[in-house]
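Student: Chain order of the listed sequences is P and A. Here our numbering is used: position 183 in the first sequence is 183, and no number is missing along the way. Here our numbering runs 339 ahead of the position in the second sequence, where the first position is 1. Below is the structure I would like to discuss, written out as structure tokens.
Number of protein chains: 2
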Amino acid sequence: MSIKKASTIQDVANKAKVSIKTVSRVINNEPNVSLETVKKVETAIDLLDYQPNAFAQSLARSKPKIISLIYDTPSPNYISHIMEGVLAYCYKVDYEVIIHPLRFNEVGLMRSAEKFIKKSRLAGLIVTPPYSDNVEFIKLIESFDLPKVLISSGLNISEEDSIKTNDREVSMQMTDYLISNGHKRIAFIKGHPTHLCINDRFKGYQDAMNRAGIEIDNSIVENGLNSLSSGEQCAERLLSLKERPTAIFSSNDEMAAGVIKVAYRNGLNIPSDLSVVGFDDSPMTAMITPPLTTVKQPLDAIGEKSAEKLIDKLENKELVRESVINSNIIYRDSVKKIN
Amino acid sequence: MSIKKASTIQDVANKAKVSIKTVSRVINNEPNVSLETVKKVETAIDLLDYQPNAFAQSLARSKPKIISLIYDTPSPNYISHIMEGVLAYCYKVDYEVIIHPLRFNEVGLMRSAEKFIKKSRLAGLIVTPPYSDNVEFIKLIESFDLPKVLISSGLNISEEDSIKTNDREVSMQMTDYLISNGHKRIAFIKGHPTHLCINDRFKGYQDAMNRAGIEIDNSIVENGLNSLSSGEQCAERLLSLKERPTAIFSSNDEMAAGVIKVAYRNGLNIPSDLSVVGFDDSPMTAMITPPLTTVKQPLDAIGEKSAEKLIDKLENKELVRESVINSNIIYRDSVKKIN
DNA sequence: GTGAAAGCGCTAACAA
DNA sequence: TTGTTAGCGCTTTCAC
Chain P
1 MSIKKASTIQ DVANKAKVSI KTVSRVINNE PNVSLETVKK VETAIDLLDY QPNAFAQSLA
61 RSKPKIISLI YDTPSPNYIS HIMEGVLAYC YKVDYEVIIH PLRFNEVGLM RSAEKFIKKS
121 RLAGLIVTPP YSDNVEFIKL IESFDLPKVL ISSGLNISEE DSIKTNDREV SMQMTDYLIS
181 NGHKRIAFIK GHPTHLCIND RFKGYQDAMN RAGIEIDNSI VENGLNSLSS GEQCAERLLS
241 LKERPTAIFS SNDEMAAGVI KVAYRNGLNI PSDLSVVGFD DSPMTAMITP PLTTVKQPLD
301 AIGEKSAEKL IDKLENKELV RESVINSNII YRDSVKKIN
Chain A
340 MSIKKASTIQ DVANKAKVSI KTVSRVINNE PNVSLETVKK VETAIDLLDY QPNAFAQSLA
400 RSKPKIISLI YDTPSPNYIS HIMEGVLAYC YKVDYEVIIH PLRFNEVGLM RSAEKFIKKS
460 RLAGLIVTPP YSDNVEFIKL IESFDLPKVL ISSGLNISEE DSIKTNDREV SMQMTDYLIS
520 NGHKRIAFIK GHPTHLCIND RFKGYQDAMN RAGIEIDNSI VENGLNSLSS GEQCAERLLS
580 LKERPTAIFS SNDEMAAGVI KVAYRNGLNI PSDLSVVGFD DSPMTAMITP PLTTVKQPLD
640 AIGEKSAEKL IDKLENKELV RESVINSNII YRDSVKKIN
């Protein structure tokens, strides 16, 4: 078991018989190196199994190749997939990622966020909801003049700083789907009011209902809080109505799961007595009975595109990138055609 | 919106009218600084809102304060919670964490792992399953002489390098619970064979059955692969047996969910016709009907303890730390008492 | 108890 | 096309 010692740029330079600057040029793909020299240097790099020291690079460069992913911690599935995408892209282009959970309700949040940003010497940040909806937080980032990409922000953000999904549109499609299955009395459970983007989902529902000429009955529009239990509470009310809805569209899966639990408790079968659809395609949706019809956001792709957009900005590349990524409906077994 | 510029150790030294070395001493809690000087320096630090530059520190120090968390990507819930714990502890003691997903089945895995370790100049690693069971991978770490903590490794690892849970014991308790509810014909679905620790769960089942003097019928011991669909397949077989089990103990929740789906498909009610228990307490277990009785591992605590153990090692602290963390059963509604 | 100087491994600015 | 030099911000000698 031989202990390996990392080699330095000087070692490479010695082996290739060039100056360290030349090695540096090769590493960073800078111009003005003869092909022959490049070959020599690359051979030496391979031979020594050389890896540049990221700290030394960061220290020497003005802008370190480090970005951070900021998130709260409500949903493991959401954040893991976003993170996957971000890490995958950054790994390709040789950026480091610092993962930073921040408790949304913590006192001194801004102070600790500021401290973090300072300490980490970030080049830029990727921000997920609910922080991407938080004006104060975004101002903080701007006060550092840091490039950023906000994921699914409900704020009025310039396109070059944001990545969004077409929640409103898919939500409309989902409602259309319900309508095309004969449903008219379609209840809607809204999401947490501070999550702006989730409320686009309600708008999509409104769009579809309006277009179909079905008047929205506000007594079957509930205000949820994204959690299982809040879904249950909404469902209790909805299902105890004299004129029950035939379908419930929940703005997220977790609340939809709450609806299904309450339905079973009340002796209702899904989907024969009640159709239910959700949003997010969280892993459990395939596991519950019946499997839930829901909307899948391509989270890995969102993470990847966010990282790409941010890094392109950092490197002053032309960015004519798409900023809307399409979600799509996953049809499963929780909707029944009625007449 | 004023753009803030980070201050350096020199700024602090100027303001406090001392040398940079003295500032460095204060930052690192080194001895031989008069109380008065410490006060002066600390005031200057506060005034300038100074944060040491982690790269410069890492570069100057031999050992950077950076560790990495290595994982595959099967389970968002598992890894997010472990990560939470690791990040929380590291944040407290001022270590950076690099999160590194590695595809288990990728070709050139070892090569890319090696490259990663070199490049990141890690001080140590925390390794989760399945890598903590991978001899080749562990040898790689050792070839770099890097301190490590292996989470839930099934290998014969020295206690100071590992954090485990009492899977075998809880698994025995769970089986006891089933037995005490009148079940004798208890099926078991084993987990993926390369995940060593998951097979401790089977041992616990054996322990309990043996102790209760119930002979284990191998025709109701299934080999699962941790996935929903593999749970379904096992359940298909189990439930088509002439002499059906009255309870099924699945080594993870996902397979248990598969069992429940198949049971419903076959017109069986849970728990009245069949009791089912799982392992992991993944979020969906509370959402399915009926809520599943399962085992909860304190994942955040595992992450935190792993980080603590690793960092104590890095800093040569005495480590008389516990290395086994207790899981416990979460009783819900998927088990019925039979006679 | 304190400070000056060297150097960690790299990049940037300037020469050659 | 290539090399030299001076830092980046910090810690580590070693001297005072």
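Backbone N, C-alpha and C define an ideal beta-carbon position, used for all residues, glycine too.
(1) Can you find a C-beta in chain P that's less than 8 Å from the C-beta of A/F618?
(2) What is the DSSP secondary structure of A/E435, reduced to helix, strand or coil?
(3) Return the chain-ordered ranges of every beta strand (DSSP E) run that is complete within the stretch 378-432 of chain A and spans a minimum of 3 residues.
(4) What beta strand (DSSP E) runs, 3 residues minimum, are completely inside the stretch 235-307 of chain P?
(5) Span of the alpha helix (DSSP H) holding P/G204?
(6) On the three-state DSSP scale, how would you describe P/K164?
(7) Could you list which residues in chain A have their beta carbon closer than 7 Å to that of P/F55, in chain order?
(8) According to the neighbour-count rule (16 or more other Cβ atoms, all chains shown, within 10 Å of its Cβ), is P/T175 buried or exposed?
(9) If we cut at 8 Å on Cβ distances, does A/A574 have a partner in chain P?
(10) Less than 8 Å between the beta carbons of A/V576 and A/E561, yes or no?
(11) Could you please tell me which residues of the stretch 456-484 of chain A, in chain order, have their CB closer than 8 Å to any CB of chain P?
(12) Give the straight-line distance between the Cα atoms of A/G543 and A/T347, rounded to the nearest whole angstrom.
(13) Starting from P/K148, follow the beta strand (DSSP E) in both directions and report where the run begins and ends.
(14) Can you tell me the Cα-Cα spacing of P/P368 and A/T467, whole angstroms?
(15) Starting from A/M449, find everything on chain P with Cβ-Cβ shorter than 7 Å and list it in chain order.
(16) Can you tell me where the beta strand (DSSP E) with P/E159 in it begins and where it stops?
(17) Measuring alpha carbon to alpha carbon, tell me which residue in P/P283, P/P245, P/S282 and P/S68 is nearest P/I270.
(18) Using DSSP's beta-bridge definition, name the partner residues of P/L125.
(19) I'd like the list of long-range same chain contacts for A/G493, defined as Cβ closer than 6 Å, with 5 residues on each side in sequence excluded.
(20) Given that a residue counts as buried once 16 or more other Cβ atoms are within 10 Å of its Cβ, and exposed if not, what is P/P193?
(21) Can you have a look at P/A307 and say buried or exposed, based on whether 16 or more other CB atoms are within 10 angstroms of its CB?
(22) Can you round the beta-carbon distance between P/N105 and P/V335 to whole angstroms, since I take them to be within the 8 Å contact cut?
(23) Quick check: the Cα distance between P/I405 and P/D167, rounded to an integer number of angstroms?
(24) So A/N353 is in the alpha helix (DSSP H); what residue range does that whole segment cover?
(25) Along chain P, which residues have their Cβ under 8 Å away from the Cβ of A/K454?
(26) Between the Cα of A/G642 and the Cα atoms of A/R442, A/I438 and A/V372, which residue gives the shortest distance?
(27) Output, in sequence order along the chain, the residues in the stretch 417-433 of chain A whose CB is closer than 9 Å to any CB in chain P.
(28) Using only CA atoms, which one of A/P629, A/I587 and A/V616 lies nearest to P/V262?
(29) CB-CB under 6 Å to A/S482, same chain, minus the five flanking residues each way: which ones, in chain order?
(30) Counting only the same chain and skipping the five closest in sequence on each side, list residues whose C-beta sits under 6 Å from that of A/Y428.
(31) Spell out whether any CB of chain A is found under 8 Å from the CB atom of P/I248.
(32) Check whether the Cβ atoms of P/I311 and P/S250 lie closer than 8 Å to each other.
(33) Determine which residues of the stretch 622-650 of chain A have a Cβ less than 8 Å from any Cβ of chain P, and write them out in chain order.
(34) Cutting at 6 Å between CB atoms, please list the residues of its own chain near A/Y670, excluding the five before and the five after it.
(35) Would you say A/I437 faces chain P, with C-beta separation under 8 Å as the test?
(36) For the stretch 649-676 of chain A, list the beta strand (DSSP E) runs that are entirely contained and at least 3 residues long, ordered along the chain.
Tutor: On the basis of the data shown:
(1) Taking the second sequence and counting its residues from 1, the one referred to as residue 618 of chain A is at position 279. Output row for A/F618: interface = no.
(2) Residue numbering aside, residue 435 of chain A sits at position 96 when the second sequence is read from its first letter. If DSSP states are grouped into helix, strand and coil, A/E435 belongs with the strands.
(3) 405-410
(4) 247-250, 275-277 and 294-296
(5) Here the question's residue 204 of chain P lines up with position 204 in the first sequence. Segment I198 to A212, the alpha helix (DSSP H) holding P/G204.
(6) Translated into the one-based positions of the first sequence, residue 164 of chain P becomes position 164. P/K164: strand per DSSP, three-state reduction.
(7) Against the first sequence, residue 55 of chain P aligns to sequence position 55. The contacting residues are F394, S397, L398, P403 and R460.
(8) Stepping through the first sequence from its first residue, residue 175 of chain P is reached at position 175. By the neighbour-count rule (16 or more Cβ atoms within 10 Å), P/T175 is buried.
(9) Position 235 of the second sequence holds residue 574 of chain A. Output row for A/A574: interface = no.
(10) For the purposes of this step, residue 576 of chain A is taken as the residue at position 237 of the second sequence. For the purposes of this step, residue 561 of chain A is taken as the residue at position 222 of the second sequence. In the sequence as presented, Val is not what sits at residue 576 of chain A; that position holds Arg. Cβ atoms of A/R576 and A/E561: closer than 8 Å.
(11) K457, K458, S459, R460, K478, E481, S482, F483 and D484
(12) Within the second sequence, residue 543 of chain A is the residue found at index 204, counting from 1. Within the second sequence, residue 347 of chain A is the residue found at index 8, counting from 1. Spanning the two alpha carbons is a distance of roughly 57 Å.
(13) Along the first sequence, one-based indexing puts residue 148 of chain P at 148. First-last of the beta strand (DSSP E) with P/K148: K148 to I151.
(14) Outside the displayed range of chain P (1 to 339) lies residue 368 of chain P, so it cannot be described from this structure.
(15) Here residue 449 of chain A corresponds to residue number 110 of the second sequence, with the count starting at 1. Residues of chain P passing the Cβ test: none, with the nearest at roughly 13 Å.
(16) Within the first sequence, numbered from 1, the residue matching residue 159 of chain P stands at position 159. Segment: none, P/E159 is in no beta strand (DSSP E) and carries neither H nor E.
(17) By 1-based counting over the first sequence, the position of residue 270 of chain P is 270. When only C-alpha atoms are compared, the closest one is P/P245.
(18) By one-based count along the first sequence, residue 125 of chain P stands at place 125. P/L125 pairs with P/S68 and P/K148.
(19) Walking along the second sequence from the start, residue 493 of chain A turns up at place 154. D472, L535 and C536.
(20) As a first step, residue 193 of chain P must be located in the first sequence, where it is residue number 193. When all chains shown are included, P/P193 counts as exposed.
(21) The residue labelled residue 307 of chain P in the question sits at position 307 within the first sequence. Buried.
(22) Here residue 105 of chain P refers to the residue found at position 105 of the first sequence. Here residue 335 of chain P refers to the residue found at position 335 of the first sequence. The Cβ separation is near 36 Å, so there is no contact.
(23) Here chain P has residues from 1 to 339 only, and residue 405 of chain P is not among them.
(24) What you label residue 353 of chain A is simply residue 14 of the second sequence in a count that begins at 1. That run of the alpha helix (DSSP H) goes I348 to A355.
(25) In the second sequence, counting from the first residue as 1, residue 454 of chain A sits at position 115. Those within 8 Å of A/K454 in chain P are Q51.
(26) In the second sequence, the residue the question calls residue 642 of chain A occupies position 303. Among A/R442, A/I438 and A/V372, the Cα nearest to that of A/G642 belongs to A/I438.
(27) Y417, I418, S419, H420, M422, E423, L426, A427, Y430 and D433
(28) Looking up residue 262 of chain P in the first sequence gives position 262. Ranking the options by Cα distance to P/V262, first place goes to A/P629.
(29) Your numbering for residue 482 of chain A matches position 143 in the second sequence. Cβ neighbours of A/S482 beyond the five flanking positions: none.
(30) Translated into positions along the second sequence, residue 428 of chain A becomes position 89. Once the five neighbours on either side are set aside, the close Cβ partners of A/Y428 are E643, A646 and E647.
(31) Numbered from 1 along the first sequence, position 248 holds the residue referred to as residue 248 of chain P. Answer no: the Cβ-Cβ gap between P/I248 and chain A never drops below 8 Å.
(32) Translated into positions along the first sequence, residue 311 of chain P becomes position 311. Translated into positions along the first sequence, residue 250 of chain P becomes position 250. Result no, Cβ atoms of P/I311 and P/S250 do not sit closer than 8 Å.
(33) P622, M623, A625, M626, I627 and T628
(34) For the purposes of this step, residue 670 of chain A is identified with residue 331 of the second sequence, where counting begins at 1. Same-chain partners within the cutoff: T632.
(35) As a working mapping, residue 437 of chain A is identified with position 98 in the second sequence. It does: the Cβ of A/I437 has a partner Cβ on chain P nearer than 8 Å.
(36) 667-669
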